[in-house]
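Down below is the structure, laid out as structure tokens.
2 protein chains.
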Amino acid sequence: MRGIPAETRKRILAAATDLFYAKGIRAVGVDAIAAAAGVTKRTLYLHFDGKDDLIAAYLEARNEPVLAGLIKSVMRSSGGIAAQIEGLFLAFARQAGNPNWHGCPFARAVSELRETPNDAVSEIAARHKRAFEDWLAEHLASHHVAEPALVARQLMVLVDGCITQILIHRDPSYAAAAAAAAVALVERRLPD
Amino acid sequence: MRGIPAETRKRILAAATDLFYAKGIRAVGVDAIAAAAGVTKRTLYLHFDGKDDLIAAYLEARNEPVLAGLIKSVMRSSGGIAAQIEGLFLAFARQAGNPNWHGCPFARAVSELRETPNDAVSEIAARHKRAFEDWLAEHLASHHVAEPALVARQLMVLVDGCITQILIHRDPSYAAAAAAAAVALVERRLPD
DNA sequence: GTTTTAGTATACCGTTCTGTATACTAAATA
DNA sequence: TATTTAGTATACAGAACGGTATACTAAAAC
């Protein structure tokens, strides 16, 4: 069989994404990824230099869609900026109910691959988080929130903390506390 | 050589702790732990039923000292409750400067071992987090903070979010934003 | 003084890991 | 039509994995 190369690569990446995200990166071998993609290991190594390259491609491919999803969660609300930020955290509670949800792929990759010589993972994850933080700061500023950079950082802390608590306790209701905190932190920076 | 059994067990556990915490749990083999403990693999399996048992013992052993350290960070400050909570986050910034610091061992274990059939990990981690949350709620209540249970949860979210951000960005200064958020969330619940 | 205990040393088992090699096939391309 | 391309199928190399087996040793306990 002869397929379109870009299609095959996408299928391998999709299989890697599902498995890495669900089971963890070290827990998944290249054999399992090749099998899940319906591809021989030979073909996998024809499209990727090795597992490290596949890991980097996996994270890089998640950057844009995850970022878009986060922004969409904020923008969906029709209310003011505080309601929008609240919507972000309520979206976490909703998503966490899905059994396929396993938290933030970037945070989990960094956490798992600590002290392994794969610089790409750390760099991609930091870039992703920074991108959302920067977007938040601009969005807050455009809604006349004072100290937007500081508030954006505080919201990032709440975002990852919310996700971690939900993962540990297997209880999406932690998002409600995070949402209330986020609203309070935003509202106290609004003009009177 | 014949050693005191409890001593040998402690040495194995200490080696496992160092390696698991620094490199991750899947990244460390039992051979490496035995070698680091200066013990044969035979001896290791004489003290632990297997790697899963060792993982559970590692986390269980961290519970008390980590909890004690967190409480100490809060109680060190001589100021009021807001200053105490601020001190907790400033302690994170201090510890994160140490190259041996790698975040929360419980959150990292849960994150890495997601969807592996080791119930103990999830249970121990949840119990640990819950213990600090409960202590915080009682401490806040004793300082006349309103809605202590909710505020305690919000602080837990900030704690784990702060740690995650520092890990990802390799930048302890994220603790400052978390500290400011924590102070604001506590102060607004103080009696006038 | 004999037996139990807590080890060492070493070898091995079967499996899985990342990665490579060899040979073949069918579709697109020149 | 000949050649390149993108694959399949299969096997294997070399290491690391968790875990076990055998034989021996020295200190402690009865």
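If you read the protein sequences in the order shown, they are chains Y and E. If you want the working numbering, it's the 1-based position in the first sequence plus 6. If you want the working numbering, it's the 1-based position in the second sequence plus 6. Ideal placement from N, C-alpha and C gives every residue a C-beta, glycine not left out.
For asparagine 69 of chain Y, the uninterrupted alpha helix (DSSP H) segment begins and ends at 57 to 81. Of all residues in the stretch 118 to 130 of chain Y, the ones placed with a Cβ closer than 9 Å to any Cβ belonging to chain E are Glu118, Leu119, Arg120, Glu121, Thr122, Ser128, in chain order.
Counting only runs of 4 or more residues that sit fully inside the stretch 117 to 178 of chain Y, the alpha helix (DSSP H) segments are 125 to 148, 154 to 175, in chain order. Leucine 19 of chain Y: member of the alpha helix (DSSP H) spanning 11 to 29, first to last residue.
Taking 8 Å as the cut-off between beta carbons, the residues of the stretch 185 to 198 of chain Y near chain E are Ala186, Ala187, Ala190, Leu191, Arg194, in sequence order. DSSP places arginine 195 of chain Y outside both helix and strand once states are collapsed to three, so it counts as coil. Judged by DSSP in its simplified three-state form, threonine 46 of chain Y adopts coil rather than helix or strand. For valine 116 of chain E, the chain Y residues whose Cβ falls inside 8 Å of its Cβ are Leu173, Ile174, in order along the chain.
In this structure, histidine 108 of chain Y keeps its C-beta atom at 7 Å or more from the C-beta atom of arginine 32 of chain E. Here the alpha carbons of isoleucine 39 of chain E and leucine 161 of chain E stand approximately 35 Å from one another. Between the stretch 47 to 58 of chain Y and the stretch 72 to 88 of chain Y, the count of Cβ pairs shorter than 8 Å is below three; the stretches do not touch. Between the C-alpha atoms of leucine 146 of chain E and glutamate 153 of chain E there is a straight-line separation of about 9 Å. As the crow flies, the alpha-carbon of lysine 29 of chain Y is around 15 Å from that of isoleucine 174 of chain Y. Between alanine 181 of chain E and the set E:Ile87, E:Ala99, E:Arg68, E:Ala88, the nearest pair of CA atoms involves E:Ala99. Annotated three-state conformation of arginine 114 of chain Y is helix, per DSSP. If you ignore the 5 residues before and after leucine 142 of chain Y, its C-beta comes within less than 6 Å of the C-beta of Ala158, Leu161, all in its own chain and listed in chain order. Taking the Cα positions, alanine 183 of chain Y is about 44 Å away from leucine 50 of chain Y. Neighbours of glutamine 101 of chain Y in chain E, taken as residues at a C-beta separation under 7 Å, are lacking, since the least C-beta distance is about 15 Å.
Per DSSP, reduced to three states, the secondary structure at phenylalanine 98 of chain E is helical.
Per the C-alpha coordinates, the member of E:Pro197, E:Ala187, E:Asp198 positioned closest to isoleucine 91 of chain E is E:Ala187. Chain-order list of chain Y residues neighbouring tyrosine 51 of chain E: empty, with the shortest C-beta distance near 23 Å, by a criterion of under 8 Å. Within chain E, Gly167 have C-beta atoms less than 8 Å from the C-beta of valine 165 of chain Y, given in sequence order.
Within the same chain, Cβ atoms closer than 7 Å to the Cβ of alanine 137 of chain E are found at Leu73, the five residues on either side in sequence being excluded. Note that the C-beta distance between alanine 62 of chain Y and alanine 131 of chain Y is not below 7 Å.
Annotation: arginine 68 of chain E to lysine 16 of chain Y spans about 42 Å, alpha carbon to alpha carbon. Just measuring C-alpha positions, the residue of E:Cys110, E:Pro123, E:His150 sitting nearest lysine 135 of chain E is E:Cys110. Shown here for alanine 43 of chain Y: same chain residues with a beta carbon closer than 6 Å to its own, the five before and five after excluded, namely Arg17, Ile18, Ala21 in chain order. Here isoleucine 172 of chain Y really is in contact with proline 178 of chain Y; their C-beta atoms are around 5 Å apart, less than 8 Å. Residue nearest to leucine 164 of chain E within the set E:Leu191, E:Asp140, E:Gln101 is E:Leu191 (criterion: CA-CA distance). Between glycine 167 of chain E and glycine 167 of chain Y, the C-beta gap is smaller than 7 Å, which places the two residues in contact. Setting aside the 5 residues that flank it on each side, serine 83 of chain E is surrounded in the same chain by Ala89, Gln90, Gly93, each with a C-beta closer than 7 Å to its C-beta; the list follows chain order.
Threonine 14 of chain E is not a Cβ neighbour of tyrosine 64 of chain E, given a cutoff of 7 Å.
Annotation for arginine 195 of chain Y: Val151, Ala152, Glu153, Val157 place their beta carbon closer than 7 Å to its own, counting only its chain and skipping 5 residues before and after. By the C-beta density criterion, glutamate 118 of chain Y is buried, having at least 16 other C-beta atoms within 10 angstroms. Identification of residues in the stretch 28 to 45 of chain Y having a C-beta nearer than 8 Å to some C-beta of chain E yields Ala28, Lys29, Gly30, Arg32, Ala33, given in sequence order.
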